[in-house]
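Peer 1: Can you keep this structure in mind? I'll have questions shortly.
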Amino acid sequence: MQDGCWTDHEKTFFWRELASIPAAVRFSGLDVGDLPWDDPNQHRNLLVVDASCPGTKRLLQQAGQLLYYRVKWIVIDRGSLDCGRFLRFFDGLKVLISSEVYYLCAGEGVDGYSIRQVYRYSIESSLAEEVYGYWYRGVVVRNDHAAIAASVRRQNLNRFKLRASVVITHNATLNHLEDYKEKHVDTITKKNYFLTKYMIENLNATVQYSYVNSWGYRNPKTGRFSGMIGELQADQADLGATALFLTADRIREIDYLSMTTPTRAKFVFRSPKLSVTDNVFILPFNGTVWMCIISFIVLSATLLLIIMLVEFRYTTVRYGSFRPTLMDTMMNMFGTSCQQGSFMEPKSLPTRCLILLSLIVLMFLYASYSANIVALIQSPSTKIRTVEDLLNSRLETGAEDTVYNKYYFMHATACSVCLSTKLQLDGETK
Numbered sequence: 008m009q010d011g012c013w014t015d016h017e018k019t020f021f022w023r024e025l026a027s028i029p030a031a032v033r034f035s036g037l038d039v040g041d042l043p044w045d046d047p048n049q050h051r052n053l054l055v056v057d058a059s060c061p062g063t064k065r066l067l068q069q070a071g072q073l074l075y076y077r078v079k080w081i082v083i084d085r086g087s088l089d090c091g092r093f094l095r096f097f098d099g100l101k102v103l104i105s106s107e108v109y110y111l112c113a114g115e116g117v118d119g120y121s122i123r124q125v126y127r128y129s130i131e132s133s134l135a136e137e138v139y140g141y142w143y144r145g146v147v148v149r150n151d152h153a154a155i156a157a158s159v160r161r162q163n164l165n166r167f168k169l170r171a172s173v174v175i176t177h178n179a180t181l182n183h184l185e186d187y188k189e190k191h192v193d194t195i196t197k198k199n200y201f202l203t204k205y206m207i208e209n210l211n212a213t214v215q216y217s218y219v220n221s222w223g224y225r226n227p228k229t230g231r232f233s234g235m236i237g238e239l240q241a242d243q244a245d246l247g248a249t250a251l252f253l254t255a256d257r258i259r260e261i262d263y264l265s266m267t268t269p270t271r272a273k274f275v276f277r278s279p280k281l282s283v284t285d286n287v288f289i290l291p292f293n294g295t296v297w298m299c300i301i302s303f304i305v306l307s308a309t310l311l312l313i314i315m316l317v318e319f320r321y322t323t324v325r326y327g328s329f330r331p332t333l334m335d336t337m338m339n340m341f342g343t344s345c346q347q348g349s350f351m352e353p354k355s356l357p358t359r360c361l362i363l364l365s366l367i368v369l370m371f372l373y374a375s376y377s378a379n380i381v382a383l384i385q386s387p388s389t390k391i392r393t394v395e396d397l398l399n400s401r402l403e404t405g406a407e408d409t410v411y412n413k414y415y416f417m418h419a420t421a422c423s424v425c426l427s428t429k430l431q432l433d434g435e436t437k
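The structure is reproduced here in C-alpha cells:
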C-alpha cells in the first residue's frame, strides 16, 4: 500500500478495513526500490496506489514489467472518481495486454462504483477497458465475463500487428515454408511457422516476420544475445516463431511458453559388425568353458603321459627311439584339439581309448566353436549405448553443420572430449 501523502488516520482506517482479510499489509513510499522486484511470489502481490498523490504516475512508469507481468495493481483516486480522469492518468503507461490493473470510478447509471480493468495492445495503441464488476455498500457484484481468466478474455487482438522472429538456416527454406517441400530442411522452423500462423489467426491478429540465421547465443564481451533472442531482447520482435532449447542463460532473458517440437540431438549410425568392437575369436565360449577346455587338454596330456610311461616301463611297446615327456603329450593333445594329426601313433588299448575319447570331445567342441563364430561374425554389435561408448569405439563420427550443434559441443561437458577427439581432424571440424 502506498504511503507518501496519506495521514496516519487514513492509513489506520484502511488497515482496519482490511483486518478481516488473511493477508499482510505494508505501507511504503513512492520509492521504486520498494517494489517486489526479487520476490519469488510476485503473483501473490497486490499493490494499491493513489493516483491523487504526486509521483504515483512516475512510480508506475518506473515499475517496468511489474506493471504488466505477474503483479496485480489497484489504482484509486481520493480526489475524483471520474472514469475519464483515470483513462487520462493511464495514458503513456505500459498497461499491456497481460496486465491486471484495476481502478474504481463512479458507475454510470449505477448507485455505487464501477470496478474496471484497463490494458492496451502496445504502448502506441489506445486503451481498452473491461468492466470487472460493481461495488455497492460493501458488496461486490462481479461480472460473469470477468470470472474468465484475462488470458482467455483478451484473445481478440483486433488485427493488431505482432512481430515474429523466424530462424532460417538455409536460404531455400524461405521458398518452401508452406508448400511441404524439402521437409527435412529446417523442419523445426517449418512446423513452428504453421503453429505461429494458426495462433495469429486464433488471436485475430496480423503478423510481420523477420528472419535470422541463429537462435541466439550470448556474447561474453557485451552480454547481448544474437539471432532470435537478440531481437526479443532488443524489442525488435514480440515472439519467437521457432522453437529453441532451454538453457540457463536464456531463462533470464525470455519467457518460454510451451514445448511445440520435442527435439533431441542424437548420433545415428548403423550398428557395426561385432568384429569391430570385440575379439570374436574368444566370444563363442565364456570364460568358464575356456577354462574347462584348457583343463581337459592338460588332464588328457597328463593321463597320456602316465599311460605311455607305464607302457614304456612294463611292456615292450615303444614309440620310436625317444622317451615320452609332458611336452610331447601336451603338443599331441593340442594338435588333436586343433583337428591336426599326431606324430605318435597310439599302439596300446589304453592309449587308443584316451585318444579316441579326446577326439570325440574335441570334435563336438570344434563344431560348436565353428558354428558360434560364424554367427558372431555376422551379428551386429550392441556395445555402443552411450556417448562414451561411441567415443571409445573405432567408428568415425560427424555432426550436422548447424549453429546449435556447434554451440552444444562447445559447452556440453559430456561431449567436450568427443568434440576434440572424434569431430575434429587435423584441426578442422568434420
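Okay, so the sequence shown: first residue is 8 according to the numbering used here, each after it adds one. Built from N, CA and C at the ideal position, the CB exists for glycine as well.
1) Can you give me the Cβ contacts of Leu181 inside the same chain, cut-off strictly under 8 Å, excluding the 5 residues immediately before and after it?
2) Return the first residue and the last residue of the alpha helix (DSSP H) that Leu202 is part of.
3) Cβ of Leu310 within 8 Å of Cβ of Leu333?
4) If you draw a straight line from the alpha carbon of His191 to that of Gln162, how long is it in whole angstroms?
5) Please report the straight-line C-alpha distance between Phe201 and Ser221, rounded to a whole angstrom.
6) Please report the straight-line C-alpha distance between Ser375 and Leu356, rounded to a whole angstrom.
7) Among residues of its own chain, excluding the 5 on either side of Leu253, which ones have a beta-carbon nearer than 7 Å to its beta-carbon?
8) Could you tell me which residues DSSP puts in a beta bridge with Ser233?
9) Output the distance between the C-alpha atoms of Arg51 and Lys228, rounded to the nearest integer angstrom.
10) Judging by CA-CA distance, which residue of Tyr224, Val287, Ser307, Tyr411 is the nearest neighbour of Asn339?
11) Please report how far the alpha carbon of Ala135 lies from the alpha carbon of Ala157, in whole angstroms.
12) Can you give the Cα-Cα distance for Trp22 and Thr267, rounded to whole angstroms?
13) Inspect the CB distances between the segment 385 to 398 and the segment 268 to 282 and report whether three or more fall short of 8 Å.
14) Determine the burial state of Thr29: buried for a count of at least 16 other Cβ atoms within 10 Å of its Cβ, exposed for fewer.
15) Using CA coordinates, which residue listed in Ser365, Ile314, Met337 is at the minimum distance from Lys354?
16) Buried or exposed, going by whether 16 or more other CB atoms sit within 10 Å of the CB of His197?
17) Assign Ile104 to one of three DSSP states: helix, strand, or coil.
18) May I ask you to report which of helix, strand or coil DSSP gives Ala382?
19) List the DSSP bridge partners of Ser149.
20) Measure the alpha-carbon distance for Val214 versus Ala255 and round it to whole angstroms.
21) Which residue's Cα is closest to the Cα of Ile104: Arg127, Thr343, Ala382?
22) Between Gly71 and Leu37, how many whole angstroms is the CB-CB distance? I'm expecting something under 8 Å.
23) Going by beta carbon distance, what residues of the same chain come within less than 6 Å of Gly223, once the five residues before and after it are set aside?
24) Indicate whether Leu164 and Leu210 have their beta-carbon atoms separated by less than 8 Å.
Peer 2: Inspection of the coordinates gives the following:
1) For the purposes of this step, residue 181 is taken as the residue at position 174 of the sequence shown. Excluding sequence neighbours, Leu181 sits near Ile175, Tyr218.
2) In the sequence shown, the residue the question calls residue 202 occupies position 195. Looking at the DSSP string, the run of the alpha helix (DSSP H) that includes Leu202 is 194 to 209.
3) The residue given as residue 310 occupies position 303 in the sequence shown. The residue given as residue 333 occupies position 326 in the sequence shown. No, Cβ-Cβ distance for Leu310 and Leu333 is not below 8 Å.
4) If you number the sequence shown from 1, residue 191 lands on position 184. If you number the sequence shown from 1, residue 162 lands on position 155. Spanning the two alpha carbons is a distance of roughly 33 Å.
5) Locating residue 201 in the sequence shown gives position 194, counting from the first residue. Locating residue 221 in the sequence shown gives position 214, counting from the first residue. The straight-line gap from Cα to Cα measures roughly 19 Å.
6) Translated into the one-based positions of the sequence shown, residue 375 becomes position 368. Translated into the one-based positions of the sequence shown, residue 356 becomes position 349. Going by the C-alpha atoms only, they are around 29 Å apart.
7) Start at 1 with the first residue of the sequence shown, and residue 253 comes out as number 246. Only Tyr263 meet the Cβ criterion.
8) Taking the first residue of the sequence shown as 1, we reach residue 233 at position 226. According to DSSP, Ser233 bridges with nothing at all.
9) As a working note, residue 51 is residue 44 in the sequence shown. As a working note, residue 228 is residue 221 in the sequence shown. For Arg51 and Lys228, the distance between alpha carbons rounds to 37 Å.
10) Here residue 339 refers to the residue found at position 332 when the sequence shown is read from its first residue. Nearest option by C-alpha distance: Ser307.
11) If you number the sequence shown from 1, residue 135 lands on position 128. If you number the sequence shown from 1, residue 157 lands on position 150. Those two C-alpha atoms are separated by around 13 Å.
12) Here residue 22 refers to the residue found at position 15 of the sequence shown. Here residue 267 refers to the residue found at position 260 of the sequence shown. Rounded to whole angstroms, Trp22 to Thr267 spans 47 Å at the Cα level.
13) yes
14) Within the sequence shown, numbered from 1, the residue matching residue 29 stands at position 22. A small correction: the amino acid at residue 29 is Pro; Thr does not occupy that position in the sequence shown. Looking at its Cβ environment, which holds fewer than 16 other Cβ atoms inside 10 Å, Pro29 is exposed.
15) Against the sequence shown, residue 354 aligns to sequence position 347. Ranking Ser365, Ile314, Met337 by Cα distance to Lys354 puts Ile314 first.
16) Taking the sequence shown and counting its residues from 1, one reaches residue 197 at position 190. Residue identity check: residue 197 is Lys in the sequence provided, not His. Buried: at least 16 other Cβ atoms inside 10 Å.
17) Taking the sequence shown and counting its residues from 1, the one referred to as residue 104 is at position 97. It is coil, neither helix nor strand.
18) If you number the sequence shown from 1, residue 382 lands on position 375. The answer is helix: DSSP assigns Ala382 an H, G or I state.
19) Taking the first residue of the sequence shown as 1, we reach residue 149 at position 142. According to the sequence provided, residue 149 is Arg. The question's Ser does not apply to it. Gly140, per the DSSP bridge assignment.
20) What you label residue 214 is simply residue 207 of the sequence shown in a count that begins at 1. What you label residue 255 is simply residue 248 of the sequence shown in a count that begins at 1. Those two C-alpha atoms are separated by around 29 Å.
21) Within the sequence shown, residue 104 is the residue found at index 97, counting from 1. Taking only the C-alpha atoms, the option nearest Ile104 is Arg127.
22) For the purposes of this step, residue 71 is identified with residue 64 of the sequence shown, where counting begins at 1. For the purposes of this step, residue 37 is identified with residue 30 of the sequence shown, where counting begins at 1. The Cβ separation is near 15 Å, so there is no contact.
23) The residue labelled residue 223 in the question sits at position 216 within the sequence shown. Excluding positions up to five away in sequence, the list reads Phe232, Ser233, Gly234, Met235, Ile236, Gly237.
24) In the sequence shown, the residue the question calls residue 164 occupies position 157. In the sequence shown, the residue the question calls residue 210 occupies position 203. The answer is yes: Cβ separation under 8 Å.
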